[in-house]
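Participant: Got a structure here, written out as structure tokens. Questions coming.
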């Protein structure tokens with residue numbers, strides 16, 4: 006497949022690995038932000054092929070993983086209501102809430118539908134005027150324009166039986182939270198390539214300057230990731246700290262202006278709780294006042310519900326790059342993809358799911 | 367959820383910019399995709415698609431850049447080899 010397979014080429018990957026080995030003289034710790042990058046790294050064994058001086062740390066760029074427990078509980082409560090059709094991206098269905106997950110609600114006769122696009126949920130609302138249709142609007146900046154478009158069109162077409170349960174998160178505040186934390190070991194970042202197709206990478210400049218940490222916009226295929234790592238290591242070895250672009254075939258410095266415009270039209274920046282991490286100020290998106298009738302939390306009276314998280318699952322430490330999934334005492338034993346304790350095992354982009362699927366870590370049964 | 371896939375635009379329909387739809391081919395699988403955010407996209411372009419929306423047109427020149435980059439490594443390697451042989 007064009008623009009995919011060329012970037013999985015083994016020979017090119019080997020040459021990039023050799024180039025990285027040549028320039029590495031010191032120990033460096035680099036974080037890949039996006040869960041999709043984590044999966045590629047673990048699947049293709051990139052972390053095991055890099056020189057020993059380079060440590061890759063898995064970041065919190067998995068929107069499914071960081072959706073707070075209380076949002077899952079709200080989703081389950083809404084989805085369990087009689088006249089509701091609850092629509093969601095597929096990978097949210099098995100994220101555990103306080104007592105169960107959306108898949109259980111679906112199995113118990115709840116009207117839960119998996120959709121590919123938020124516009125599919127809007128269509129369901131138009132086709133089912135006697136029902137309340139709620140869409141679980143989860144995601145980073147990559148998904149925000151799509152979710153915004155559904156709300157924008159609902160408002161434009163005066164569709165009243167549609168609302169969104171929002172759980173949007175932003176990348177730059179998470180990077181800052183990691184860099185400013187006491188135990189931080191991360192020295193450079195592979196920025197999430199698809200987030201940057203929307204936002205560009207101008208907003209990383211102040212972070213790069215403040216923390217003297219290189220940030221390289223990176224794609225998702227092995228050649229892309231190795232190129233991003235090469236550029237990070239080159240900067241670190243040369244004592245530079247800049248924002249660079251290793252995914253220029255789809256990312257420009259300013260990003261996608263029409264997408265950014267609609268995000269600004271429909272959403273505003275709000276504080277957001279991150280599962281396993283806690284609240285990060287100005288790290289989320291919520292609906293603007295103009296679109297408040299499309300806020301499912303208001304519609305169903307759930308704005309004030311909060312829930313604290315359990316301590317068994319260490320996904321928070323994994324999302325911050327402090328621990329690896331293999332260091333979790335319940336990994337592969339009590340916590341598996343079939344019976345996940347936390348979101349990092351459920352999500353197709355979660356670090357724990359990646360390790361379980363692609364690494365031969367001894368599991369005691 | 368940052369999973370986005372490259373596909374080729376086969377056809378475009380619709381007049382309104384916000385509701386324009388493209389038929390996109392992903393190695394044989396075809397899906398309708400909103401091109402509201404890539405108004406410049408034309409038939410034959412490759413786009414990167416996420417949850418039913420095209421987010422960016424793939425720049426062919428930039429796409430080939432990494433291969434040019436690696437050619438430079440090859441040339442450097444060649445130079446080093448030559449220097450070693452003359453020592």
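Residue numbers (our numbering), protein chains in the order written: chain A, 6 to 370; chain B, 367 to 453. No residue lacks a Cβ here, since even glycine has one placed at the ideal position from N, Cα and C.
Whole angstroms is fine: what's the gap from residue 80 of chain A's alpha carbon to residue 107 of chain A's?
Facilitator: Their Cα atoms are separated by approximately 8 Å.
Participant: Report the start-end ranges of each beta strand (DSSP E) in the segment 265-313 of chain A that is 3 residues or longer and not cut off at the edges.
Facilitator: List check, beta strand (DSSP E) in window: 272-279, 283-292.
Participant: Which one of B:385, B:412, B:375, B:391 has the shortest CA to CA distance from residue 162 of chain A?
Facilitator: Residue 162 of chain A has its Cα closest to that of B:385, out of B:385, B:412, B:375, B:391.
Participant: Is it buried or exposed for residue 134 of chain A, if we count other Cβ within 10 angstroms and need 16 for buried?
Facilitator: Under this definition residue 134 of chain A is an exposed residue.
Participant: Take residue 440 of chain B and list the residues in its own chain whose beta-carbon comes closer than 7 Å to its own, dropping the five residues that flank it on each side.
Facilitator: Cβ within range, chain order: n/a, list empty.
Participant: If you drop the 5 nearest sequence neighbours on each side, which residues of the same chain put their C-beta closer than 7 Å to that of residue 442 of chain B?
Facilitator: There are no such residues.
Participant: Can you tell me whether DSSP reads residue 78 of chain A as helix, strand or coil?
Facilitator: Residue 78 of chain A: helix per DSSP, three-state reduction.
Participant: Is residue 447 of chain B helix, strand or coil when you go by DSSP?
Facilitator: Of the three classes helix, strand and coil, the one that applies to residue 447 of chain B here is helix, per DSSP.
Participant: Compute the beta-carbon to beta-carbon distance between residue 69 of chain A and residue 352 of chain A, rounded to the nearest angstrom, for a pair I have assumed lies under 8 Å.
Facilitator: The Cβ separation is near 4 Å, so the contact holds.
Participant: Which one of A:95, A:183, A:101, A:138 has the shortest CA to CA distance from residue 120 of chain A?
Facilitator: Here the closest residue by C-alpha is A:95.
Participant: So for residue 172 of chain A, helix, strand or coil by DSSP?
Facilitator: In the structure shown, residue 172 of chain A sits in a strand (DSSP, three-state: E or B).
Participant: Go ahead and pull the three-state DSSP assignment for residue 61 of chain A.
Facilitator: Strand, per DSSP.
Participant: Report the option in A:72, A:71, A:272, A:192 whose CA atom is closest to the CA atom of residue 31 of chain A.
Facilitator: Here the closest residue by C-alpha is A:192.
Participant: Note the first and the last residue of the continuous beta strand (DSSP E) segment covering residue 421 of chain B.
Facilitator: Counting along the chain, the beta strand (DSSP E) containing residue 421 of chain B begins and ends at 419-423.
Participant: Over the uninterrupted beta strand (DSSP E) stretch that includes residue 324 of chain A, give me the two end residues.
Facilitator: Per DSSP, residue 324 of chain A belongs to no beta strand (DSSP E); it is in the alpha helix (DSSP H), 320-324.
Participant: Alpha carbons only, please: which of B:447, B:449, B:436 is nearest the one belonging to residue 229 of chain A?
Facilitator: Residue B:436 is the option with its Cα nearest to residue 229 of chain A.
Participant: How would you label residue 395 of chain B, buried or exposed, when you count the other beta carbons within 10 angstroms and need 16 or more for buried?
Facilitator: Looking at its Cβ environment, which holds fewer than 16 other Cβ atoms inside 10 Å, residue 395 of chain B is exposed.
Participant: Going along chain B in order, which residues have a C-beta closer than 9 Å to the C-beta of residue 263 of chain A?
Facilitator: Residues of chain B passing the Cβ test: 383, 402, 403, 404, 405.
Participant: State the start and end residues of the unbroken alpha helix (DSSP H) segment that holds residue 342 of chain A.
Facilitator: It is not in any alpha helix (DSSP H) - residue 342 of chain A carries neither H nor E in the DSSP assignment.
Participant: Does any residue of chain A have a CB that is nearer than 9 Å to the CB of residue 375 of chain B?
Facilitator: Answer no: the Cβ-Cβ gap between residue 375 of chain B and chain A never drops below 9 Å.
Participant: Note down, in chain order, every chain A residue with its Cβ under 9 Å from the Cβ of residue 445 of chain B.
Facilitator: Neighbours of residue 445 of chain B on chain A: none; closest Cβ ~13 Å, over 9 Å.
Participant: Does the contact criterion of 3 or more C-beta pairs under 8 Å hold for the segment 295-302 of chain A versus the segment 245-264 of chain A?
Facilitator: No, they do not touch.
Participant: Examine the ligand ZN and report whether any of its heavy atoms sits within less than 8 Å of the Cβ of residue 179 of chain A.
Facilitator: Inclusion of the ligand ZN in the displayed structure is not the case, the ligand content being empty and no account of it being possible.
Participant: Under 8 Å, with one C-beta from each stretch per pair, do the segment 195-204 of chain A and the segment 36-47 of chain A reach the 3-pair mark?
Facilitator: A contact exists between the segment 195-204 of chain A and the segment 36-47 of chain A.
Participant: Whole beta strand (DSSP E) runs in the segment 121-195 of chain A with 3 or more residues, listed along the chain?
Facilitator: Segments of the beta strand (DSSP E) lying fully in the segment 121-195 of chain A: 137-144, 167-174.
Participant: If you measure beta-carbon to beta-carbon, which residues of the segment 416-429 of chain B are closer than 7 Å to chain A?
Facilitator: Result list: 416, 417, 418, 419, 421, 422, 424, 425, 428, 429.
Participant: Within 9 Å of any Cβ in chain A, is that where the Cβ of residue 411 of chain B sits?
Facilitator: No, no contact with chain A.
Participant: Tell me the rounded alpha-carbon separation between residue 419 of chain B and residue 284 of chain A.
Facilitator: C-alpha separation (whole angstroms): 30 Å.
Participant: Is there a C-beta anywhere in chain B that falls below 9 Å from the one on residue 39 of chain A?
Facilitator: So yes, residue 39 of chain A belongs to the interface.
Participant: Only counting the same chain, and skipping five residues up and downstream in sequence, which positions put a Cβ closer than 7 Å to that of residue 150 of chain A?
Facilitator: Here the set comprises 203, 264, 267, 268.
Participant: Quick one: what does DSSP say residue 368 of chain B is sitting in, helix, strand or coil?
Facilitator: Of the three classes helix, strand and coil, the one that applies to residue 368 of chain B here is coil, per DSSP.
Participant: Tell me, please, which residues DSSP counts as bridged to residue 39 of chain A.
Facilitator: Note: residue 39 of chain A sits in a beta bridge opposite A:66.
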